[in-house]
Amino acid sequence: MIRFFAAPIAAMALLLAGATDASAAGMIDFTGTSATGYLGHSASPVPRTTVMYNGNYAPGTIVVNTSERRLYLVLQNGQALRYGIGVGRDGFRWGGVHRITAKKEWPDWTPPSQMLARRPDLPRHMKGGVDNPLGARAMYLGSTLYRIHGSNEPETIGQAVSSGCFRMTNDDVTDLYGRVAVGTTVVVLK
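Here it is in structure tokens:
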């Protein structure tokens, strides 16, 4: 509950202090929405930003830099959108080139058998929704078990905690999902 009330109170304090646009500073406005996510729940600890990018990749390519824990969507004119991501923990990092083979909104989750062998406490299947570990959107990578997906744990962005998938906040994965298509090239740098 603290997260629910803290940001609107902070926004009100800024307005009372004379600020004219608290939401522009990333604060939540009185309707409960902001650029950083509904009630702050999807706000990334690593804000999405446009950066200069010198890679030799065509615009529209996704480049995942696991050591930086960043995902880049290459744009025109030497720029890219940079997103914070969670990556695979030790022993679960990988590299290669794949394509997005499917996209799903609020995907169901069925843990693979390898994950169930490590974590028999996991559910065998979970319907899509806010409590689902795949979050709001998922983009499936080739014939692998891996995805670029949202997360119900936005605090893990910027960390190495997954079983090989790339986690994003629900706000960021929804933004990326709307910008890419099935067939998009994904380059994973290990």
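Each residue of the sequence shown is one higher than the one before, starting from 65 at the first, in my numbering. Cβ atoms here follow ideal geometry from the backbone N, Cα and C, with glycine treated the same way.
Per-residue DSSP class, three states only, for residue i
i, result
"residue 88", "Residue placement at residue 88 is flagged as unreliable, the pLDDT there being 31, under the threshold of 50; the coordinate-derived value follows with that caveat. Residue 88 falls in the helix class under three-state DSSP."
"residue 245", "coil"
"residue 113", "strand"
"residue 251", "strand"
"residue 236", "helix"
"residue 122", "coil"
"residue 182", "helix"
"residue 99", "Residue placement at residue 99 is flagged as unreliable, the pLDDT there being 40, under the threshold of 50; the coordinate-derived value follows with that caveat. Three-state result, residue 99: coil."
"residue 130", "coil"
"residue 174", "coil"
"residue 219", "helix"
"residue 194", "coil"
"residue 152", "strand"
C-beta atoms of residue i and residue j nearer than 9 Å
i, j, result
"residue 152", "residue 174", "no"
"residue 168", "residue 245", "no"
"residue 179", "residue 227", "yes"
"residue 229", "residue 211", "yes"
"residue 155", "residue 109", "no"
Residue i versus the options, residue with shortest Cα-Cα distance
i, options, result
"residue 218", "115, 209, 206 and 237", "237"
"residue 207", "235, 147, 162 and 150", "162"
"residue 251", "137, 118, 114 and 115", "137"
"residue 144", "120, 160, 164 and 116", "116"
"residue 132", "139, 157 and 182", "157"
"residue 198", "120, 159 and 172", "172"
"residue 120", "113, 111 and 139", "139"
"residue 224", "209, 165, 150 and 113", "150"
"residue 170", "113, 222 and 216", "216"
"residue 164", "111, 209, 114 and 112", "209"
Exposed unless 16 or more other CB atoms sit within 10 angstroms - verdict on residue i
i, result
"residue 122", "exposed"
"residue 247", "exposed"
"residue 214", "buried"
"residue 128", "buried"
"residue 232", "buried"
"residue 203", "buried"
"residue 125", "buried"
"residue 184", "exposed"
"residue 234", "buried"
"residue 141", "exposed"
"residue 242", "exposed"
"residue 135", "buried"
"residue 205", "buried"
"residue 188", "exposed"
"residue 160", "exposed"
"residue 118", "exposed"
"residue 240", "buried"
"residue 254", "exposed"
"residue 182", "exposed"
Residues sharing a beta bridge with residue i, DSSP
i, result
"residue 212", "203 and 230"
"residue 143", "116"
"residue 164", "205"
"residue 225", "DSSP output for residue 225 lists no bridge partner at all."
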